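Here the sequence shown is numbered in the numbering used here, starting from 1 and rising by one per residue.
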Amino acid sequence: MTQTTIEKVRKRAEADAKTFGYYLTPDADLLQGLLEGLKINEERYGYPSCPCRLAANVFEYDRDIICPCDYRDPDVAEFGACYCRLYVSKEVYEGKTELPTVPERRPLAKQAKAFTPAVPPREEKQLTAEKEEMVEIMPKIWYCKQCGYMVFREEPPYICPICKAKKELFAEIKTRIDIRG
Ligand code: SF4
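So, in structure tokens, the structure goes:
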């Protein structure tokens with residue numbers, strides 16, 4: 001497991017913002033939450049996947065959402081901030097423009113990979129043996145009780161990308177999907 005620190009993550013983000021002429025969000029709480037999310041994801045997956053998105057835990061699938069993601073530059077250019085609002089434009093940083101709400105630009109097909117990750121060989125064998133049996137998978141859906149934002153993830157996001165509510169304000173919606181092999 002990769003070990004990192006918030007300070008390391010912060011320095012990396014600051015250096016990257018400087019290189020590209022961006023700024024880190026002026027919202028201190030949001031910044032802290034996002035840096036913590038990046039640190040946790042880096043330790044969990046071995047790469048700092050976006051703290052506002054569900055990762056598939058397969059590098060090839062997650063490549064486009066490793067921070068800074070492929071969508072940051074067009075989002076900052078169009079909206080003044082990236083999807084998570086970690087990176088912002090000068091205008092947003094200086095308060096001339098409000099911290100915006102940024103719509104998801106990542107294609108749905110790529111998002112879907114996170115819900116159907118590669119099945120490890122051992123489990124695949126097991127699934128074949130149980131071909132006629134019902135398999136239950138239970139993706140978790142979380143919703144923000146403050147603004148209604150919904151997201152598929154193993155755990156609630158650290159910060160709501162829409163209203164900035166903390167993860168404690170997320171509640172799980174129970175789902176059940178049955179698949180017959
Ligand atoms: S949306 Fe922002 S925080 Fe998330 S991966 Fe992209 S650049 Fe990083």
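Glycine included, C-beta positions come from ideal geometry on N, C-alpha and C. Values in this document were obtained by computation on a predicted structure and should not be read as measured data.
Within this structure, are the beta carbons of Arg53 and Ile40 separated by less than 7 Å?
Judged by their CB atoms, Arg53 and Ile40 are not nearer to each other than the 7 Å cut-off.
Can you look up Tyr45 in the DSSP assignment and give me helix, strand or coil?
helix
Quick one, what's near the ligand SF4 if you take every residue whose CB is closer than 5 Å to any heavy atom, in chain order?
Cβ-based neighbours of the ligand SF4 within the cut-off: Cys50, Cys67, Pro68, Cys69, Arg72, Cys82, Tyr83, Cys84 and Leu86.
Exposed or buried, which one is Val135 when buried takes at least 16 other CB atoms within 10 Å?
Its pLDDT being 44, under 50, Val135 is placed unreliably in this model, and the value from its coordinates should be taken loosely. Flag for Val135 reads exposed.
How big is the Cα-Cα spacing for Tyr83 and Cys69?
9 Å
Of the residues Tyr149, Ala77, Lys166 and Tyr61, the one placed nearest Phe20, counting alpha carbons only:
Ala77
Which listed residue (Gly80, Pro74 and Tyr158) has its alpha carbon closest to that of Pro26
Closest by alpha carbon: Gly80.
Uninterrupted alpha helix (DSSP H) stretches inside the segment 18–66 (no shorter than 4 residues)
For the segment 18–66, whole alpha helix (DSSP H) runs of length 4 or above, ordered along the chain, are 28–45 and 59–62.
Please classify Val9: is it buried, with 16 or more other beta-carbons within 10 angstroms of its beta-carbon, or exposed?
buried
Whole angstroms are fine: how far does the CA of Cys160 sit from the CA of Ala112?
20 Å
Should Gly37 and Tyr158 be called a contact, given that it needs their Cβ atoms to be closer than 7 Å?
yes
Within the segment 138–179, note down every full beta strand (DSSP E) run reaching 3 residues or more, in order along the chain.
141–144, 150–152 and 170–173
Closest to Leu30 by CA distance: which of Glu43, Ala165, Ala171 and Thr116 is it?
Sorting Glu43, Ala165, Ala171 and Thr116 by C-alpha distance to the C-alpha of Leu30 places Ala165 at the top.
Output the distance between the C-alpha atoms of Asp75 and Arg105, rounded to the nearest integer angstrom.
8 Å
Return the residue from the list Asp62, Thr97, Arg12 and Arg85 that minimises the CA-CA distance to Gly46.
Asp62
Provide the residue(s) that pair with Tyr87 in DSSP beta bridges, ordered along the chain.
Looking at the DSSP assignment, Tyr87 forms a beta bridge with Leu24.
With a threshold of 6 Å on Cβ separation, who are the neighbours of Glu132 within its own chain once the five nearest residues in sequence on each side are excluded?
Its pLDDT being 46, under 50, Glu132 is placed unreliably by the model, and the measurement read from it follows with that caveat. Nothing meets the Cβ criterion.
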